[in-house]
Structures are given as structure tokens and as C-alpha cells.
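Working notes, structure below.
Protein chains: 4
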Amino acid sequence: MPSLADLQVSSLGPCAYPSPLGSYVAGRETNEYFVSEDDRVLYDDTISLLRRRGEPLETCPSFEPGGPRPQIFHDPATTHVGVVTCGGLCPGLNDVIRAVTLELYTHYGVTQVTGFRNGYAGFDPAHGFEPVDLTPALVGSINERGGTILGTSRGAQDPVVIVDRLVALGIDALIVIGGDGSMHGAHRIVEEITRRGLPIGVVGIPKTIDNDIPHIGQSFGFATAFGEASKAIAAAHVEAESAYNGVGLVKVMGRHAGFIACYAALANHDADFVLIPEVPFSLHGENGLVRSLERRVRERGSAVIVLAEGAGQEHTLATGRSDASGNSRLGDIATIVREAIEKDFHDRGEELTLKFLDPGYGIRAVPADPSDSVYCARLAQVAVHAAMAGRTDMVVGRRRHRFVHVPIPLVIERRHSVNPEGDLWLSVLESTSQPLDMR
Amino acid sequence: MPSLADLQVSSLGPCAYPSPLGSYVAGRETNEYFVSEDDRVLYDDTISLLRRRGEPLETCPSFEPGGPRPQIFHDPATTHVGVVTCGGLCPGLNDVIRAVTLELYTHYGVTQVTGFRNGYAGFDPAHGFEPVDLTPALVGSINERGGTILGTSRGAQDPVVIVDRLVALGIDALIVIGGDGSMHGAHRIVEEITRRGLPIGVVGIPKTIDNDIPHIGQSFGFATAFGEASKAIAAAHVEAESAYNGVGLVKVMGRHAGFIACYAALANHDADFVLIPEVPFSLHGENGLVRSLERRVRERGSAVIVLAEGAGQEHTLATGRSDASGNSRLGDIATIVREAIEKDFHDRGEELTLKFLDPGYGIRAVPADPSDSVYCARLAQVAVHAAMAGRTDMVVGRRRHRFVHVPIPLVIERRHSVNPEGDLWLSVLESTSQPLDMR
Amino acid sequence: MPSLADLQVSSLGPCAYPSPLGSYVAGRETNEYFVSEDDRVLYDDTISLLRRRGEPLETCPSFEPGGPRPQIFHDPATTHVGVVTCGGLCPGLNDVIRAVTLELYTHYGVTQVTGFRNGYAGFDPAHGFEPVDLTPALVGSINERGGTILGTSRGAQDPVVIVDRLVALGIDALIVIGGDGSMHGAHRIVEEITRRGLPIGVVGIPKTIDNDIPHIGQSFGFATAFGEASKAIAAAHVEAESAYNGVGLVKVMGRHAGFIACYAALANHDADFVLIPEVPFSLHGENGLVRSLERRVRERGSAVIVLAEGAGQEHTLATGRSDASGNSRLGDIATIVREAIEKDFHDRGEELTLKFLDPGYGIRAVPADPSDSVYCARLAQVAVHAAMAGRTDMVVGRRRHRFVHVPIPLVIERRHSVNPEGDLWLSVLESTSQPLDMR
Amino acid sequence: MPSLADLQVSSLGPCAYPSPLGSYVAGRETNEYFVSEDDRVLYDDTISLLRRRGEPLETCPSFEPGGPRPQIFHDPATTHVGVVTCGGLCPGLNDVIRAVTLELYTHYGVTQVTGFRNGYAGFDPAHGFEPVDLTPALVGSINERGGTILGTSRGAQDPVVIVDRLVALGIDALIVIGGDGSMHGAHRIVEEITRRGLPIGVVGIPKTIDNDIPHIGQSFGFATAFGEASKAIAAAHVEAESAYNGVGLVKVMGRHAGFIACYAALANHDADFVLIPEVPFSLHGENGLVRSLERRVRERGSAVIVLAEGAGQEHTLATGRSDASGNSRLGDIATIVREAIEKDFHDRGEELTLKFLDPGYGIRAVPADPSDSVYCARLAQVAVHAAMAGRTDMVVGRRRHRFVHVPIPLVIERRHSVNPEGDLWLSVLESTSQPLDMR
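Protein chains in written order, with numbering that gives the first Met the number 0: chain A, 0 to 438; chain B, 0 to 438; chain C, 0 to 438; chain D, 0 to 438.
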């Protein structure tokens, strides 16, 4: 559990301007709309944990709540906000871009909103990517399409070059929509800004289709993504059931965290085995995958395996290579699993109809579903509130349904993953009836 | 805010049987799976509120957490569980029935699961509805269809008759899936059980497509429902934009709470006005609906109005009638709004193309979307854990993403509604740019 | 059956310009691409019918085939094409606008394409609707949205005013996308053009969500529309099955023709009764609706009725009124049916749970499904080929999967309707098992 | 063009029993429902072709029309019908099984309907697959699921074994739902039946997700399949547009025929290049794929390539191997194309973001869309009419929207493929603007 100090968010300075949002609550007696500057939200709400700490509430770990402040740091009349999307696609990126733009225009009266193209590369004049003027007209219905109208790319850029560009364009606040690597980059931008003593804020909106960023609750687009992935599982189930000794093998995203595999499997209950990076399995042990599958097919005539791409890396040859974002290249567990199953059925003289499905990019290029659309819009509004209030080096999150501010260093120090003893994984075990310990 | 005493859940007695789920965690050093009997989850996690109370943590209002217990009350070998669905349809009912059945069979080893047909009427022998034997084979893929395989009905039944039937069939625990009225009924059943001193538990799974039950977080099926409703708004938007002076009027569910209207409007941003029961509006004031619409159509050429069925009841003639569930009949606000708009355009000599859409039952008869499917499955598992642990007169909820137990009296004493000063309504105002005060 | 003379298409004059499409087939030995000017497609391909005529093939009724001609009438370098959408919405309108524009730009090199706004009203300067310059950039992805970017309206305009506007803007060919009434209007425009001796062509693309225009095969958007309508039937089925004595009543479009009701009912087999304008039924006869429904509910516990809006008009009071397109106002058969059923159950002392669904505009505002998208694109290409070849006073159709040209007078002289002795209606009877003769 | 003799359908003998369907038309003056035994439908309806033959109508090639006959061959009271599904999955299989069963039960009064499991293997007692009793209750809502409830398999079986089984079970008519290979098998079964002089009919319902069976019009499930495939193209388009120098490469089904690639590309217009087996292309020529792609990416920033799995086989090493159905194993053109593109961008020092999508089995395991559902139901009814009328060695088709009977030898003698000079391919060229001749 992080300490209270870890959870303190940085700020550019005191908030001297009244928020234009004050008009919403003018004349009301009570005012539940604005967030009080000295309020906090407990990091943990379980009494046993709090009791164990034995501390007064004031020193218990707690978050700064997200939301509009009565006073803000930047003068809306002159503020210029930059927006950039980085890393792989995720459903909802255009919803976020749209809501950031509309919130700035229609509620803060900020009319300088600049979108940088193709990720951090868009800041480097050497690439020649012209920034885009984000206006309500331009963003009006972009939420209906997947992807990001700003384009994206993987990989870091020199923070000196980026800050030079921010200064050249007069950007006061930069909103970075990106994942783990992009937040590392955002933090380096903050360091460079701090070094130069500039009043420029950097606020992140964490994007991770794998849902593996800690402290922020469920990430935007994740629900849409696992919903799409569940369609591939349903297709694999149909294929497997229609064949004699049919086995469906579905590879889904999840390099380090098996959330997509778990939720997609729970969404339609068609999976018989779920394999995730957090839970090792043996291929050939008595309760290993091959033997367990053999038994399942004998009992039911068919079976479906859902495989997170990062599962069972212990069975692959480490490639030792990395991609442009610094992610290590994963070994090809799907082929290893597939060949092990085929060999087993062949050796036993049994027929096998194995179908492999890899929905791949198909699950991340779709538009956000209605729930994610609402979530993206509200998350973006919270990010704008934070940026206008002069917050920096932080991301917005929705932990336990409360919008909160989380310091960037905290979200990049480790990954969020499926707890093999938690209720999600137990729900998966209940749904699949796979062996507790596949060895 | 409820007091700690209000939040205490009733129990049939001490838990003497070891949970069969113990096998999941056998041999593990740590055990995060089982819920500790003396743990609690804070009702509120905002420090300012807690500070204002000035109480020690132990006496702050808190919930009993949901989840599996290491010891249970009912002996799985002999336990007989009843299930009933009551009231209007809601996406996910079959997911819940399925998961309750599978959790009982595959994890607790309970093999007597009886479904009562057509709501509380199913308990009355006079109706002659034969109960259904719920088995894994029967419930296998019912989640793919909307509705409820058990059938449902509105209206109360004599608790004496119901308890007689429970006793006659040897039911040890009854799981009631229903709304506000059904939970009133469940409480009366508990009272009758208590009067007779029987060891029969009653656990509710709150169903409300309007999301208007308090303390339980977002209700199951709600996300699917507003996603469907948002399609009607999109259609109204297309109709309005394709016509000269086009106005789309969409009526959505929401007798007492405007959640569906708000979320559906946020999901696609196609609404220009959202009218909900919680926020009164005038038809003819300077900022009233008719004048505001007139201005909006002049500026943009078209407009879309989303109207919760219970909005603006002050403009209707109270019918004074009630339906079988005791819900009062609502006045027909849609017709009043429609005629006021048509008269206004007519009086001004302006053309008008007004299209009225009422998706009606179409939004509640669909299968649950993937997120709701997962949610239903997990909520049902928590209800089964509670029932097996001997809890009674309570419902399960997922407040701020934590599964909790809530006493039935607490969820029926008032309705949950949209806070006109809260961030949801402000997000709606931001999305629609409708006047803050439509008078 | 129309005579050969009825099927002759009018032309502005001889085709003197080589088609730019010639580049596609340059150097090929055979050339199956271009349509030969003297080829024809038989109106009927059934030998018994042809035999009965006893005529030589040359005088048998036949259509001019659609498709590209080697020589065209208009000089692409100077041609200016107008496009207008009229009447109610239908899935695929934007697909058609898009494909007309792209075909003209990319294949004929025509770069003057003007869209008139809001139907025929857009030609009248008095309305002040500025025409839109249709370009590939503008139409690029409009197919993803329902409705029509040009707007639409019902009602006729003075052909003199319209032709004045065509002349003023230098339009050489006008493409009218509209229904029955709009084609009447198009014919009057042709008459006015002819009176003035102008070389302006008018080519129609028939739009009818009811599929009730004769000779043209299935109309574009119809498949998407009945697919949407079938969702309402499925919802009604779920509602009915979940209730005791549940009856679902679904009203679908179909003023004069019951095609949507028939196809939507066949698409999911959930309907027990289909009522269409072409087949009268009695309410109270022994095999009438009420008695038949009573029997069905007794046997199966529930039933679903699909009602085309124009069905059973003999049971309604003729309103005698018409709408702006000249369509007579229909009597409200849905209420009559509903009340008859409710009275019957009430009189018999039986419970009834009747749910009424009216998907209404929701089925016509959606984007075209993939099959309709392809169809719209190809139909639009055929219309452009016809327009460039100087055809006029005609519509394009796809009769028995062959693209053909049909004179406008032929498509407006009567409506296409469901043949009560044909195989479509028999398939419906087979699917519903409703009485052959509901009297 | 086949000769008239080629189009003659075999029959088991004269039709001596009155059709139970006669009740539908009893008492009607005209009777358009029953098909007259001596009617025919012209094979070609183009006058130029007919004229060129210079024959009387009676000797022009023509089909026997499908539909109900007034007299039938089999006595419904004693008839036993078998059903089998063979080969790969295709949307609509369950719709067909359902409609065959219901048509037999509810209209012909045939109550012995047996489903053989797992393709032709289901006839061989050695496999021990118990046949399934197909009843209205069993097939009631199977159309809501993809796949086939009967299971399927590839590969032939000894016709002697199959006919032995038919005789043992007393099957009078066998309905085979399968593709090219399965129809070869059906023909061999007919030969064996004929050799033994048995009165058993074999009627095929052609299943080909690739739409490559000749003479039958569009195959069932094809529209659903290309609709699904178009989603992968849309995803590839989103990915490509969101990246700098983004290229999407989508592999779709189509071993010998590029119909899915063509229609899926036309359905959303997102493809820049469509590569199909029927149209050779060079990788490295001036207008070859690599150069053309280079130009397209330079102009538009991104591009999408749709690749039928059987395209460009001239660039692959023939594997010389075959699968269980006798289909030759295709070379891996996707990898060759991908590597050629990657090498080219690398050699030119250009960045490239290439994303590969293979929707694979995901497009064939979905339920039929509403149009295909209707089509499957009606096609199945026509097959039942043919079987009851004693037809054999034939398949049903819907050529130019007319249901017809086609002799099996005719549909297996060659494959249907995209005509590189026809209007479909030209429409694709128009939609993509790819070079006419990619060399």
C-alpha cells in the first residue's frame, strides 16, 4: 500500500482565478459540485486494514479527489492546452479527445486546444507532423469511430525537444493519453519542465487495454475490448462444439496481465481453460494442460482454451528483443500449446479438430461501447478540471468509482495484475472448472 | 447517511459447517479469498465526512463485505434453495439465475435448486404454476437470451401462503431477484419466517432497470439498458438532422429517477435536452423547454429531446391510479411536451418535423452486454455466499466496486435518484448545453 | 405484365462521347464490361408464360439492361450533376449519395456534383436552402451514418420552379433518390424539361422502406429495415414468454404492403400471427384474431402478433386526411387490436400481460447493413451510367439480380404488394401456423 | 452455358400422392402456389444470348423451378427423412436444419426426421455416432446460435457403408447440406442407390462460405460472412489511419474465389487494394503491389490491403499437400506479401506500421444475419418440396431470385469465380482505385 506521501499530487501553484464553472452553482445554497481543496478519499476502505495501521484518519493513505475546483490556476482567457495520444490503440481514444476539447471550449471557455500528431513523435519538428487545431466542429462525432484522429506511435522522444516545442507553441497544459511507457515519458517531460521552472502542467489519462495500470480502477476501453474478445471465444466454442473432438484455442491480448482473458471468459462462460501470465501452468503434468484437456474433451466432446498472449512464458524461448515502446518481445506460447495438444492427440491415435482464433487488433480498433463512452467523457472532464487547477505529474483514475488524482510515479512503478488468490480469479475457476493448480 | 446499526445484517445463526470452497485455498499460506467475519467496509471513504463525524473507525457506518466465508450456516448436503424473479424484465435476469444455480451445484455441492414461476404468484398453489428444477444442464446457455426463464409477474402475495409453500417444499434459503416492491415483499416474508421461528433465509438480488435502489452501486442490467436506449437517441438525432427544423423526442424509462436518460444521453452526445424527474422544468418560461428548443433549432437546424417517463409530472393530470405493483400511473408528459412544441411552431408559422420515438420494452428484453454478464455472474455468486452463510433480510450490492451486504429495510426506505448538484447531472448539462435552470 | 412499349426508356439523344471507362477494358480481347446498346433482358423468364404469349423473343416484354455504355451522351468535362433525396428516411441513403459522387468523380471525371437540400424544397429559392458541393472528401465516410446528409422533406414543388433552378445552375442530369411520390414529381420535372426542349436528364433511384415499388426487385435498405424490425419482434417474444398469458404486439412499417412484417417475422420465427394490408382478417370470427389468439395462448402460454401499420384498415374509421406527401392518414389499427384483445381476456376473466412495441423510426434511421451497403453502391453506379448515357424519365432497379432501367411511368402506376397466393405469404403461414383464413 | 439436357433433374418416379399442402389453396379459383410440373425457368434471360442460339424457347437451356408440387412421390405418413451437415461451418446451418425439420413436421406431416452426426462419418457405425431425432421442440430456437447442432466433419466415406445405413434405418430421402466435396459424395451415394435400384432420393443444399458453387445464385450464409469480414477491414483501416505510414493487411477466406474479399471491401469502402485468386498480380513490377502501395501511402498516409487466402499462389511454393476434404494446402501468401512490404519500406529507410488481421473462423461461426435467416428458411423449404416430390441427385439454388433445381453433376464440374471482366470486379476497382493491371 502506498504511503500518504506517495499519493500527494504536484501542483504548479496557487489557484487564483475563479472557475467559470461557478456559474453552474451560482445562487445555490449548498454546493456539492465543487471539490473542496482539503478533502481526500481513503486509499482503502476496509476497516480491518485501517485498524491494522492504527493511525488517525488524517495520516491514512488517501487520494486527492478529482473534479472541478472553485478556483483554478490557469486563466481560461489565455490558456493553451495540448493533447497527444501515444502507444497502441484502445477503444475510446476519440471519446477522450472529444470530451477534453468540448470541456475546455464549452465550460472553461478555453479556445486554444492543439492536438499533436502521432504520439510523442508529433513534438519533434524533424518529423514535420503539423499539429491539429482541435475545435468542437472537428471533434463533434469522432466518438463514433475507433482509433484516434490524432494518430499515435510507440516510442520515446527527447524531453528537451518536447519542452522546446511546448514553449514555442505557448502550451500551458499538456494532456497525455497513453500507457505505461507514455507515462514514463510524461514524467520525464515534467522533470524537464521543472528543471526550466516553467508553469506548464502535464496531466495523464491512463490508457491500457490490458487494464494493467495500478491504482486507477478499470481502465477506459477495457470493457469494450473484453466484450469484443468474448465474441472470439463464442466463435471458438461454436467451432469446437460443431466438430468431433473439437478444440478451440483463442489468443487474446494481455502481455503481463490476464484481465482480458478473465473477463472475456466470464462474459460468456464458453471457456474451459483460461491461461494467464499471473498463474503458471505445466503442459504435461497430471493436472497440466494437455492431460486436463484430454479429460475435458472425453467428458464433453469439445473444449475451449483462452490464452493471454503473455501466459506460460516459462515454456517459450526468451526472444530477448524489444519493440519500439521497450516492451520485450514475447515468446509464441500459442504455437507451443497448439503443437503440444496436436502431438498428444496424434500420439493417442485420437482425431482432433483444433481451430485457432486470434482476434488481435480487431478488439482494440472498435468504437467504445456505451458504458465506456460515458466513462471516457467523464474521465476526460476530470482531467481537464485537474489541468485547469494547475495539477501536474499526475493521472486521473476512477478507483472504486471515485474519480481521483494519482501521481505519475505511483502508476509507473509496477503493473496491476490478476491476484491469483482474489475473487476475480476464483470466479474464473468457478466458471471454467479448470484445475486449481494446473501442474 | 445510515447509522452503523442500520447497516447490520441479520443472520440465522452461527456458521458451523466448513465451506466446501476451502478446497480452493487449501495449503496456501496467505488466504485472501475468504472474507473475515469481523471485517467491514466503510460506508463513506471521504475524509471530510469521516472527520466531521469525529468518531472512531469502529463506530463509523460500514457494510458487511460480500464474499465466501470459511464457515457456513447451511449444510450443503441437505440444503434446498429457492429462486424467484419478480417485477419487470431487466437485462441479465437469466445470467443471474444461471450463476446462482452453477455456484450452488459446482462449488457448494447443493443439488436442490428450485425455481418458482411467474414471480410471487408462483408460490401460491391456487395458481397452479409448477416449480422448475434448476440444473446445470437447464441453465447452461440461458444467458444468451433476454427475459427470465422462470417468468415473472408484478404484485404481492400473502406472506403466509408463501412461507407455507417454502415449508412444504423444505426450502432453506430463498433468493429473490426483484425490485423495490419485491424487496418489500421479501421483507414481509422474513417477518413471517421470524414469527414462526424458522431457519429460512431470504437474500435479495436487487433488480432495477432505472438504477433507483439506494446503497447498492449500479444495478445489474442498467448499462445494457442505457446502451440500448442510446440507440433510440442516435436514431432520433439522424431523423432530426435529416429534416428541416427537425426535432426528435425520445421517451425512455425512468419513473422516479433519470439515470437512463442521463447515461444514454452521455453515451452518444446526441441529445440537446435531457428532462428527468429530479429536475423540474417549465414549458413556457423564457428558459423553459419551448423557448430553449426554439433557439436551439434556430442555431443548429435541429434538436433532440430525451425525456424520462417520470419527468415533468407537475405538468400532467395526476391519474390517481396504480398498477399491480402499486406503482402510480404516470401522466403522459410526452404528449404534453409534443403538443406544446407543435403549437409553438405552428403559432410562429414555422415548419416543424417532429419525430417521436419510444424504445419502450425494447431496451429491457435484450440479453445482458458482456460487462453486465460478468457483473451478474459475480453478483449471483456473492448472493449464494451470503445465503449459504445464513444471512437473511438483506440484498447484495456492489457499492464503489466492493461487494457488500445491505439490510433490506435500508434499500426500501427511499429511492436512489440523480443528484441535481452532483457530477452526473453536471456532466449532462455539459454534454447538452441546455439551460441550467429551464424556467 | 407490361408491354414491350411500356418498358422503353427515354433518352436525350445519341451518345457521341467515348466513355472514360473505356480505359478499363482497353486492349482486352473480349469485352463483357460494357452493355451493348441493343441488348435486352426478358421481363419474365418462365417458359410457360413466354409460351402462352406465342411471340418471337424480339417482341416479348424486356428491359434495357443497366450498366456502363461504351459511348455516352454527356461530355464529362462539362457535365454538372444534381442529386436530391426526398421523402422518409431509409437505410442506405448516404451510401447512395456517396457512390454517386465517387463514381462521377473517379470514373467519369465529372467534378461538378451538387446536392440539393431537404428534398424538392431545396430547389425553391424561396426556402433559401443553399445547395451543397458534393466532393469525395465530403462524402468519404458518410456511409457510416444513417439518414441523409442532404436532408429530406415530403411534398411536391412546382416543376416550373425546379426546372428554372436546374437551368440557372446549369445542371445536365438530376438524380432523384425517393419513393413513389418523389417519382411522380420526377416525372413532372421531365414533362417540364420536355416542354422546354432541354437536354437535361432525370434518373431515379427508387427508395421505399416498404419495398412496395414494382418491377425493381428488392429496394435498397429494405433488408436492413426488416432486420431491425425483427429485433422488436424478438423483444416482444421475450416479454411475452416471461409473463403469464403474455402477448406481444409489434407494429411495424407497411402502409400498403406487408413486406417488412413478413420478412421480419421470417427472420426470427418468433411471430405467431402476421397481419398485413394485403390479407384481410376478422377480429371476432371463429378463426378471427381474438379467438385464434385465445387458442394459441392457451396452448403455448404466450403469443406474438406482428402488425403492419396498414393492416386491417377495414376495422378503422377512415380518417380521410392526408400527409404532406399525399399519403392518406391511416386508422389506428394497433389500438383497435389491443383493445379487442384486452376486452376478450377481461370478459373471460383471464389474466393478460400485453406489451406493445412500436420500433417506429428506429428501423429507418440506422446505417445500411453490409449487404445493403454493397447494393446501394452498385445501384448508384448503375444510375450514374444511365445518367451519363443520356437516359431520362427512368429509374434503376435490380430485378431478378439484373440491373435494369425502368421507365418512371411504369413504377408509379401501381404498388408492389405481397401476393396472398405467392410463396412469400405461404412461407409466413408455414412459419407462424396462423389460420389460412382468419375469419 | 450448360445444355438443356445437362439441366434435367432426376426423379425417383411418378408422383402419386396428393400434397398435404393442397389444404392451403383449397377452394381458391386461381392457384399460383403450386409449381406446374411442365414449367421451366430460362437459364439465361438476355435476349442477345437467346437470339444467338436461334432456337425455339422449348429447347433453350432452362431449369426446373423449385417449389411445392400438387402431387408428391413419398407418402408423408411413412416417409423417413435424413439430414446431414458436412464440411466447414457456415452461418445459417442451424437455420436450414430447423426449417427442414419444421417444414416436414408442420406441412407435410412427416414425423420421422433423423439427423446424422459429424458429417458423412455419422453414417459409419464404426464411429459410433448416434443419430439424433430431429423434432420441432429440439430445433425451436437453434437458429439463434452459429455452427451446426448436428456437428460436421470433412472427408468422404464409402458410399456402400452409407447406403447400408440408409437402408437399415429406412431412410426415404437424404438431405445433404454441404459444399463441393460433399456434393461429390452425395453423387456417389446416388450412384450406389441407383446400382441397388432403391427408391431413396438425395437432395443437396449447397453450402459454400466462399460463394464458389456455380448456377445456384448467392449461397446462404455468404452475406453474413462478408459482413463479418468487413468488420476486420474496418478495424484494419482504423489501425492504419491511426499510425504514421500505417498499413493494414487483412486475410479473408477465399481459396479459389475472391467473392468474400470483393463484397467485404465494397461493404465499407475501406480497402485500397483487393487481391483475389482470379486476378494475378506482381509483387515488384512498376504497378505491382509494393510500388502501388508505396504510392498510396505517400498520397494518403496509410493503406489497407484485403487479401483472399488463395490469391497470388504463383508467388508461393506449392505445398503439394491436401486436407481431409481433398482441398490442396495453400501457400502462405500473407507472409510473402507482408515480408515484401516490410523489406521495401526498410530498404527505403521509411517507417512502417504494418498490422495483420486474420478474422479466420470468426466469420463463419456467427449466427446468420436476418436476410440470410430468411433465405435459409426458404431454401430449406424448397429442398423439402423437392425431396417429397421424389427428386434426386440435385441441389436447390436461387438463381436470379428464382428457386430452381440443379443436377448435382452440374454444380461439381467447375467452380464459380469472380469474372475479372464483370461488373463486380469493376465495382471493386472503382471502390479501391487500385491499378487495373497490377504488374
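Built from N, CA and C at the ideal position, the CB exists for glycine as well. Keep in mind the model is a prediction, meaning the values are calculated, not measured.
A straight-line Cα-Cα distance of about 12 Å links C:LEU92 and B:GLU238. In the pairwise beta carbon analysis, the stretch 354 to 366 of chain A is classified as touching the stretch 343 to 360 of chain D: at least three pairs are separated by under 8 Å. At a cut-off of 9 Å between C-beta atoms, A:LEU88 counts as an interface residue with respect to chain D.
Below the 7 Å Cβ cutoff, chain D contributes PRO369 as neighbours of C:PHE225, in chain order. Secondary structure at C:ASP171: coil, using DSSP grouped into helix, strand and coil. Comparing alpha-carbon positions, the option among A:LEU137, A:VAL159, A:GLY118 and A:PRO124 lying closest to A:SER152 turns out to be A:GLY118. C:HIS415 has a beta carbon lying at 9 Å or more from every beta carbon in chain B.
At the C-beta level, B:ARG187 and B:ALA224 stay beyond 9 Å of one another. Residue nearest to B:THR58 within the set B:MET252, B:MET437 and B:ALA4 is B:ALA4 (criterion: CA-CA distance).
Looking only at D:THR334, D:PRO67 and D:TYR32, the smallest Cα-Cα distance to D:HIS404 is reached by D:PRO67. Listed by position along chain D, the residues whose Cβ is nearer than 8 Å to that of C:ASP44 are VAL40, LEU41, ASP44, ARG399 and ARG401. In this structure, DSSP gives A:PHE115 an extended state, which the three-state scheme calls strand.
Interface residue (Cβ-Cβ distance to chain D less than 9 Å): C:ALA167 is not classified as such.
Taking D:ILE232 as the centre and dropping the five residues before and after it, the same chain places the C-beta of VAL249, ALA263, ALA264, ASN267, ASP269, ALA270, VAL303 and VAL305 closer than 7 Å to its C-beta, in chain order.
Neighbours of A:PRO358 in chain D, taken as residues at a C-beta separation under 8 Å, are given in chain order as PRO358 and GLY361. Think of a sphere of 7 Å around the beta carbon of A:ASN117: the chain D residues whose beta carbon falls inside it are TYR243, in chain order. The beta carbon of A:ARG144 sits closer than 7 Å to the beta carbons of ASN93 and PRO366 from its chain, once the five residues preceding and following it are set aside; these are given in chain order. For the stretch 142 to 161 of chain C, the set of positions with a beta-carbon nearer than 9 Å to some beta-carbon of chain B reads ARG144, GLY145, GLY146, THR147, ILE148, LEU149, GLY150, THR151, SER152 and ARG153 in chain order. Collapsing the DSSP output to three states places C:PHE225 in a helix. What A:LYS354 touches in chain D, judged by beta-carbon distance under 9 Å, is GLY359, TYR360 and ALA364, going in chain order. A straight line joining the alpha-carbon of C:GLY300 with that of D:TYR374 spans about 29 Å. The DSSP-derived three-state label of C:LYS206 is coil. Contacts with chain C at 9 Å (Cβ-Cβ) include D:TYR262. When rounded, the separation of the alpha-carbon atoms in A:ILE148 and A:ILE141 is 8 Å. Segment contact: the stretch 308 to 318 of chain D against the stretch 330 to 338 of chain D, three or more CB-CB distances shorter than 8 Å; contact assigned. Within chain C, the C-beta atoms nearer than 8 Å to that of B:GLU240 come from GLY146 and GLY150, in chain order. Within a 10 Å sphere around the beta-carbon of B:GLY108 sit fewer than 16 other beta-carbons, which makes this residue exposed. Per DSSP, the continuous beta strand (DSSP E) segment holding C:MET393 begins and ends at 393 to 398.
Here D:ARG399 is buried. Its C-beta has 16 or more other C-beta atoms within 10 Å.
Here D:PRO13 is exposed, its C-beta having fewer than 16 other C-beta atoms within 10 Å.
Pairwise C-beta distances place the stretch 240 to 247 of chain D in contact with the stretch 340 to 353 of chain D, as three or more of them are shorter than 8 Å.
The stretch 24 to 106 of chain C is shown to contain whole beta strand (DSSP E) runs of 3 or more residues at 61 to 64 and 79 to 84, in chain order. One finds LEU265, ASP422 and SER426 in chain C with Cβ atoms closer than 8 Å to the Cβ of D:ARG377, taken in chain order.
In this structure, the alpha-carbon of B:GLU240 lies about 10 Å from that of B:VAL296. The Cβ neighbour count for B:GLY139, taken over all protein chains shown within 10 Å, is under 16; the residue is labelled exposed. Neighbours of A:VAL373 in chain B, taken as residues at a C-beta separation under 7 Å, are given in chain order as TYR262, LEU265 and ALA266.
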